[in-house]
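Residue numbers (the UniProt record's numbering): 1 to 196. Backbone N, C-alpha and C fix where the C-beta goes; we use that ideal spot for every residue, glycine too. Just so it is clear, the structure is predicted and the values come from calculations on it, not from any experiment. Worksheet: the structure to be examined is printed underneath.
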Amino acid sequence: MIGILGGGNVGTTVIMTLLANGYRAERMALSTRQPDRIPRCEALKAPSALPMFQLVPRYYDNARLARESDILIFCMPPSQLKSVTIQIRHSLAANARAPPLVISALCGVTDHTLSKACGSQAVVRVQPEVTKIASLWHEQHEEHADEEQPVDTRLASLSMNLPDYQKGMAGRDQQLLPLRLAAEAIGKHTSIISIV
Numbered sequence: 001m002i003g004i005l006g007g008g009n010v011g012t013t014v015i016m017t018l019l020a021n022g023y024r025a026e027r028m029a030l031s032t033r034q035p036d037r038i039p040r041c042e043a044l045k046a047p048s049a050l051p052m053f054q055l056v057p058r059y060y061d062n063a064r065l066a067r068e069s070d071i072l073i074f075c076m077p078p079s080q081l082k083s084v085t086i087q088i089r090h091s092l093a094a095n096a097r098a099p100p101l102v103i104s105a106l107c108g109v110t111d112h113t114l115s116k117a118c119g120s121q122a123v124v125r126v127q128p129e130v131t132k133i134a135s136l137w138h139e140q141h142e143e144h145a146d147e148e149q150p151v152d153t154r155l156a157s158l159s160m161n162l163p164d165y166q167k168g169m170a171g172r173d174q175q176l177l178p179l180r181l182a183a184e185a186i187g188k189h190t191s192i193i194s195i196v
């Protein structure tokens, strides 16, 4: 499962991009301070977007999300990194054999800070351009609303250059597609800054 920490513009855009690429709502979850609140953002402006978004389970429990996720995407404000990682640290450490991959979309947070906050987790840090992601998602969604394409076709152009050790660590078969989809969701219109 893909867990998204933070339900603002970035988190919502990640969810909508995954849904638009054929990823099922029941295979992802959102942890947010206000699980009943529907965010106002560009990714939810399409008529079909809100019903799709409402299918995604929402929690008010970061530790539960970390326990249940194969991939965690940090989309909360950077100022919440310390409090969120305190909440999820034990959940991350509990599954030492198959820890979740952490993808961070936090601006202004260094590699050292991320790896220290997450323990010895594999962390991919990206720099999102939220407005660009949201507007491009909206344009692409509207242009291709009637087209049905297999997920593999839509992902053919995506390439993520993970080092071999990272591929081995995150290389469980059930993680490859979610990793590629999550990377596309926050990385297609961003630059991968580093892999910690």
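Item                                                                                                                   : Value
Inter-residue CB distance, T32 and G6 (contact presumed, cutoff 8 Å)                                                   : 7 Å
Cβ-based burial, residue 207 [other Cβ within 10 Å; buried from 16]                                                    : The first residue shown for the chain is 1 and the last is 196, placing residue 207 beyond what the model contains.
Exposed unless 16 or more other CB atoms sit within 10 angstroms - verdict on M69                                      : Going by the sequence as given, residue 69 is Ser instead of Met. Buried.
N-terminal and C-terminal residue of the beta strand (DSSP E) that residue 197 is part of                              : With the chain running from 1 to 196 in the structure shown, residue 197 is simply not present.
CB contact flag (L101, F74, <8 Å)                                                                                      : no
Residues bridged to I2 [DSSP beta-bridge criterion]                                                                    : M28 and I71
Sufficient close CB pairs (3 or more, under 8 Å) joining the region 73 to 93 to the region 44 to 59                    : no
For Q34, the nearest candidate out of S79, K116, A25 and G8 (CA to CA)                                                 : G8
Rounded distance between the beta-carbons of S104 and L92, thought under 8 Å                                           : In fact, because the Cβ distance is near 13 Å, the residues do not count as touching under 8 Å.
Proximity of L30 and R64 at Cβ, strictly below 8 Å                                                                     : no
A94, buried or exposed, once every other Cβ within 10 Å from all chains shown has been counted against 16              : exposed
Contact set for A49: own chain, Cβ-Cβ below 7 Å, skip 5 residues either direction                                      : M16 and A43
Reduced DSSP secondary structure (H/G/I, E/B, other) of R64                                                            : helix
C-alpha distance - K167 paired with G119, whole-angstrom precision                                                     : Below a pLDDT of 50, predicted positions are generally treated as unreliable, and K167, at 43, falls in that range; the measurement from the model is reported next regardless. K167 and G119: Cα-Cα distance of roughly 19 Å.
Cut-off 7 Å between Cβ atoms - residues of its own chain near M1, not counting five sequence neighbours on either side : R27, M28, A29, E68, S69 and D70
Same chain, Cβ closer than 6 Å to P150, five either side skipped, listed in chain order                                : Note that P150 has pLDDT 39, beneath the 50 cutoff, so the model's placement of it is unreliable and the number below is only indicative. Within the same chain, P150 has no close Cβ partners at all.
Exposed unless 16 or more other CB atoms sit within 10 angstroms - verdict on G11                                      : buried
Cβ pair G108, P77 closer than 8 Å                                                                                      : no
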